[in-house]
Amino acid sequence: MRLKVPDVTIGFHDLVRGWIETDCSLMGDFIILKSSGMPVYNFATVIDDYLMQISQVTRGAEHISNTFPQILIYQALGFEVPQFAHFSLMLNEDRTKMSKRMGATFVGEYAEMGYLPEAMLNFLAFLGWSPSGDDEEILTIDDLLEKFSLEQCTVSNAIFDIKKLDWINAKWIRRLDPADLAQRLVPFFQKESFIGSDYDMDHLKQVALLIQERLPRLDSVRDFPYLFLEPEVPVAEIKKLLKDKDGRVGLQAVVAAIRDLPWQEAELDAAVHEVKADLGWSNKELFMTLRLATCGGKVSPPLFPMMEVLGRDTVLARLERAAAAL
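Every position in the sequence shown, counted from 1, becomes a number in our numbering once 39 is added.
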């Protein structure tokens with residue numbers, strides 16, 4: 040049996056003799072070929088790296104034990120030994136090893152969950168590495184290329200902290216231009232049946248700007264169905280909030296005050312404040328009533344910007360519907 044590589048032809052017995060000369064006996068015997076004649080990893084990777092003229096090898100810490108027999112094979116074949124660097128392992132949050140059977144997730148699934156590629160790259164770069172003297176954690180690929188060095192890699196294992204990934208992803212979402220964000224949100228809106236194949240991109244840009252600060256992931260659009268779909272009127276909640284006050288009268292007063300206004304946040308804000316003063320209601324009583332009537336819940340983006348994005352016809356229809364329900 041003879042093994043051929045560029046400029047090197049070496050017999051099997053010559054290889055064994057080379058191991059003896061490099062004192063391989065300190066490690067004991069190890070297998071380089073299966074009984075079928077197929078080379079095992081430690082032997083094949085040396086040949087492969089040599090043929091590709093690999094000079095630096097960076098890989099996970101689980102390969103440390105493979106490095107020593109590979110060095111012996113390099114030496115026995117007369118190849119120049121590359122430089123080796125081993126990164127710390129990536130662990131699940133419970134500190135178990137991440138593997139295909141436990142904890143690991145196909146990177147495409149993270150995209151489906153609404154993680155940006157920029158955020159995922161940024162997050163992964165910090166697993167086992169930290170730039171010295173720099174507290175900045177939101178880094179572009181150019182930043183990473185400029186700052187990265189092997190000397191700053193950590194020896195301790197890295198924890199895949201999903202909360203940290205969400206935080207980094209939210210920071211990256213806030214960096215996006217609203218037009219870019221709107222385009223990236225389209226498949227997530229469609230998945231939730233908020234829009235179809237025919238949609239108004241200008242309107243989606245307004246929606247993107249409205250919810251941009253509230254998105255940890257792109258799939259979080261599921262929390263904003265009322266921006267597209269008619270919500271249920273929470274009659275019981277409105278009555279509980281207002282106690283002895285007449286919600287129907289309050290909503291009708293707001294409808295009359297805003298119906299013919301220029302449909303802009305500042306105009307809506309000023310008009311509703313005037314209605315509040317006339318009614319003698321508190322901010323909570325009137326503004327929360329409007330929120331419940333327009334979006335069906337107590338939590339939403341800022342009220343008046345949301346009303347502007349929803350549009351005149353939608354807001355007036357929802358307020359009149361809530362007044363009728365009360």
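Cβ coordinates follow ideal geometry from the N, Cα and C atoms, glycine included. In this text, all values refer to a predicted model and were calculated from it rather than measured experimentally.
Please work out which residues of its chain come closer than 8 Å, Cβ to Cβ, to residue 238, disregarding the five sequence neighbours upstream and downstream, and give them in chain order.
225, 228, listed in sequence order.
According to the Cβ coordinates, are residue 355 and residue 287 closer than 8 Å?
Not in contact: residue 355 and residue 287 (Cβ atoms no closer than 8 Å).
What do you get for residue 330, buried or exposed, if any count of 16 or more other CB atoms within 10 angstroms of its CB means buried?
Residue 330 is buried by the Cβ-count criterion.
So, under 8 Å CB-CB, residue 269 and residue 307 are touching, yes? Tell me the CB distance rounded to an integer number of Å.
That belief does not hold up - the Cβ atoms of residue 269 and residue 307 are roughly 20 Å apart, past 8 Å.
With DSSP collapsed to three states, give me the class of residue 228.
Reduced to three states, the DSSP call for residue 228 is helix.
Assign residue 167 to one of two classes, buried (16 or more other C-beta atoms within 10 Å of its C-beta) or exposed (fewer than that).
Answer is buried; the Cβ neighbour count reaches 16.
Express the C-alpha separation of residue 194 and residue 63 in angstroms, rounding to a whole number.
Residue placement at residue 63 cannot be trusted, given a pLDDT of 48 that sits under 50; the coordinates are not used to answer.
Thinking C-alpha only, which one of 212, 127, 132, 80 is nearest residue 112?
Out of 212, 127, 132, 80, 80 has the C-alpha closest to the C-alpha of residue 112.
Using a Cβ distance threshold of 8 Å, determine whether the stretch 231-247 contacts the stretch 186-200, with at least three qualifying pairs required.
Taking 8 Å as the limit for Cβ pairs, the verdict is that the stretch 186-200 does not touch the stretch 231-247.
Quick check: the Cα distance between residue 117 and residue 86, rounded to an integer number of angstroms?
The straight-line gap from Cα to Cα measures roughly 12 Å.
So what does DSSP say about residue 129, is it helix, strand or coil?
Of the three classes helix, strand and coil, the one that applies to residue 129 here is strand, per DSSP.
Please go through the stretch 184-216 and give each complete alpha helix (DSSP H) segment of 4 or more residues, from N-terminal end onward.
Segments of the alpha helix (DSSP H) lying fully in the stretch 184-216: 201-214.
So, under 8 Å CB-CB, residue 257 and residue 99 are touching, yes? Tell me the CB distance rounded to an integer number of Å.
About 30 Å separates the two Cβ atoms, so there is no contact after all.
Opposite residue 99 in the DSSP bridges: which residues?
In DSSP, residue 99 forms a bridge with 126.
Express the C-alpha separation of residue 150 and residue 220 in angstroms, rounding to a whole number.
The alpha-carbon atoms of residue 220 and residue 150 are separated by roughly 14 Å.
Just confirm the distance between the C-beta atoms of residue 243 and residue 289, as a whole number of angstroms; I'd bet it's less than 8 Å.
Their Cβ separation, rounded to whole angstroms, is 32 Å, which puts residue 243 and residue 289 out of contact at 8 Å.
On the criterion of 16 or more Cβ atoms from any shown chain inside 10 Å, does residue 300 qualify as buried, or is it exposed?
When all chains shown are included, residue 300 counts as exposed.
Let me know the secondary structure DSSP gives residue 72 once reduced to three states.
Residue 72: strand per DSSP, three-state reduction.
Which word fits residue 90, buried or exposed, when buried means at least 16 other C-beta atoms lie within 10 angstroms of its C-beta?
Answer is exposed; the Cβ neighbour count stays below 16.
What is the DSSP secondary structure of residue 62, counted as helix, strand or coil?
At residue 62, the pLDDT of 49 sits below 50, so the modelled position is not reliable and the matter cannot be decided from this model.
CA-CA distance, residue 209 and residue 232?
Straight-line Cα distance between these residues: approximately 23 Å.
For residue 136, does the three-state DSSP call read helix, strand or coil?
Reduced to three states, the DSSP call for residue 136 is strand.
Looking at residue 293 and residue 314, is the spacing between their C-beta atoms short of 8 Å?
Yes, the pair counts as a contact, with Cβ atoms nearer than the cut-off.
Near residue 357, what residues of its chain come up, given a Cβ to Cβ distance below 7 Å and the 5 sequence neighbours on each side ignored?
Answer for residue 357: 332, 333, listed in chain order.
For residue 362 versus residue 291, is the C-beta spacing smaller than 8 Å?
Yes, the Cβ-Cβ distance between residue 362 and residue 291 is below 8 Å.
Following the continuous alpha helix (DSSP H) through residue 297, name the residue where it begins and the one where it ends.
Residues 286-297.
Bridge partners of residue 78, per DSSP?
Residue 78 pairs with 72.
At what residues does the alpha helix (DSSP H) containing residue 241 begin and finish?
240-250 is the extent of the alpha helix (DSSP H) around residue 241.
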